[in-house]
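Please read the structure below before turning to the comments.
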Amino acid sequence: MRNGVLCLSSKKDILSLDFHEFSNEVISTVKLICGNSQLDEWKQQEKITYWSAIVNKIIDDNVIEMGISLSSTEKKDIFNITQDNLDIKDLTLDTVCAQSSIKHIVLTMLRKKKEIIDFIGDVSSCKNEGNKIMSEVVNAISHHIYVEIFKE
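Here it is, written out as structure tokens:
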């Protein structure tokens with residue numbers, strides 16, 4: 131990502147995605163759903179959800195990879211340690227948060243774009259690989275939108 135543009139390239143194609151377009155669409159969608167008056171409330175909740183969902187995903191991936199299980203107390207302890215180590219002002223993590231609305235909206239937008247679907251189809255050999263590429267694109271765009279919204 132450079133100058134607000136994420137460039138994806140393959141042997142035969144280059145695809146550029148402007149994250150400002152996505153950012154404007156995310157805010158417009160949130161305002162449509164919540165209304166202008168509740169935008170600040172949404173921001174407060176999204177800040178918690180965004181980081182909590184990332185931590186949850188990392189924990190879940192590691193638990194699966196290691197073939198172990200965690201009690202809810204152990205998971206809470208990991209969240210508390212993570213929260214203490216993240217350098218994000220006024221952050222509270224919540225173990226039940228599963229998906230950020232920023233990521234959900236970005237994923238919905240990307241799935242509607244024929245050029246991204248075609249590009250991923252061309253560069254991936256299977257559905258799992260395509261899903262991984264889509265996830266990486268969603269994460270990259272979503273993080274830049276988060277930074278733009280929260281100035282962190």
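Residue numbers (my numbering): 131 to 282. Even glycine gets a Cβ: it sits at the ideal position worked out from N, Cα and C. All of these numbers come straight from a predicted model, not from anything done at the bench.
Quick check on residue i: does DSSP put it in helix, strand or coil?
i	result
I144	strand
V226	coil
S167	helix
L138	strand
L221	coil
N154	helix
S182	helix
K242	coil
L232	First, the residue type needs correcting, since residue 232 is Ile and not Leu in the sequence shown. DSSP places I232 in helix when its eight states are reduced to three.
Cutting at 7 Å between CB atoms, please list the residues of its own chain near residue i, excluding the five before and the five after it.
i	result
S199	V193
E171	none
M239	F152 and E155
Excluding the 5 residues flanking residue i on each side, which residues of the same chain have their C-beta closer than 8 Å to its C-beta?
i	result
I275	F149, F152, S153, V156, I232 and V236
C227	I178, T179, S182, A183 and N186
I144	C137 and L138
Output needed for residue i: all residues of its chain with C-beta closer than 6 Å, excluding positions within five of it in sequence on either side, in chain order.
i	result
I246	L240
* Asked: Are at least three pairs of beta-carbons, each pair with one atom in the segment 254 to 267 and one in the segment 197 to 211, less than 8 Å apart?
  -> No, because fewer than three Cβ pairs between the segment 254 to 267 and the segment 197 to 211 fall closer than 8 Å, the two stretches do not touch.
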